[in-house]
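Visitor: Here it is: the structure, laid out below.
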Amino acid sequence: MKARTAVLMFTVVTGAGGLSAGVEVARAQCKPLCERQCDVAHDMCKGQADLQQAITRSQCQLNERMARLTCNEMLAGDLSACAPSCGAAQKQCEHDAKAKRDQCFKMAHEIRDTCTKALKDPHEQTKHACDATRDACHKMCK
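Using my numbering, read the sequence shown as starting at 95 and increasing by one per residue.
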C-alpha cells in the first residue's frame, strides 16, 4: 500500500509540476539526461509558439483572400453597371471599376500586413520565455 501511495504521490506531483518533478528525477539520475530533458521541453515550447504563429498568420492570409474575393464580386457588379454605356463612357466606367477593385486589393493587402506584423512581438516574447525557462531548467540540473 505504501508503494501505491508513493506512486500516486509522484503522479500527482508530476502532474502539478511536471517539469520540476521531471528535473528532480533526472538530476538524481545524471546531469546530461536532465539537460536533455530541459532542451526537449525548450524545443516543444518553441515549436508550439511557432505553430501558434503559423495558425494566426494563415488566418491573416485567409482574411485577405476573402476580402479579395469580395473585391472581385464588387468589380463584377460595377462592370455590369457599365454595360448600358457605349464607347468612351463605357471604357471610363470599366477603368473606374478596375481602379476601385485595385484599391480594394491594396487595402486587403495592407490589412493582412498589419495583422501579420502584430504577431511578431508576441512570438518573440514567447520564444524568449522559452529560452528563459530552459536556462532556469539547466541551472536546476547542476
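Think of the CB as a built atom: it goes at the ideal place given N, C-alpha and C, for glycine as much as any other residue.
(1) Roughly how many angstroms separate the alpha carbons of arginine 130 and glutamate 204, rounded to a whole number?
(2) How long is the line joining the alpha carbons of cysteine 176 and threonine 164, rounded to whole angstroms?
(3) Ordered along the chain, which non-local residues of its own chain (more than five positions away) have a Cβ less than 7 Å from that of histidine 217?
(4) Just tell me which of Pro126, Asp133 and Cys124 has its CA closest to the CA of aspartate 229.
(5) Taking the alpha carbon of isoleucine 149 as the reference point, which residue from Ala170, Leu213 and Thr227 has its own alpha carbon closest?
(6) Any chance the segment 194-209 sits against the segment 155-173, with 3 or more Cβ pairs inside 8 Å?
Guide: By the coordinates alone:
(1) 43 Å
(2) 19 Å
(3) Ala143 and Gln147
(4) Asp133
(5) Leu213
(6) yes
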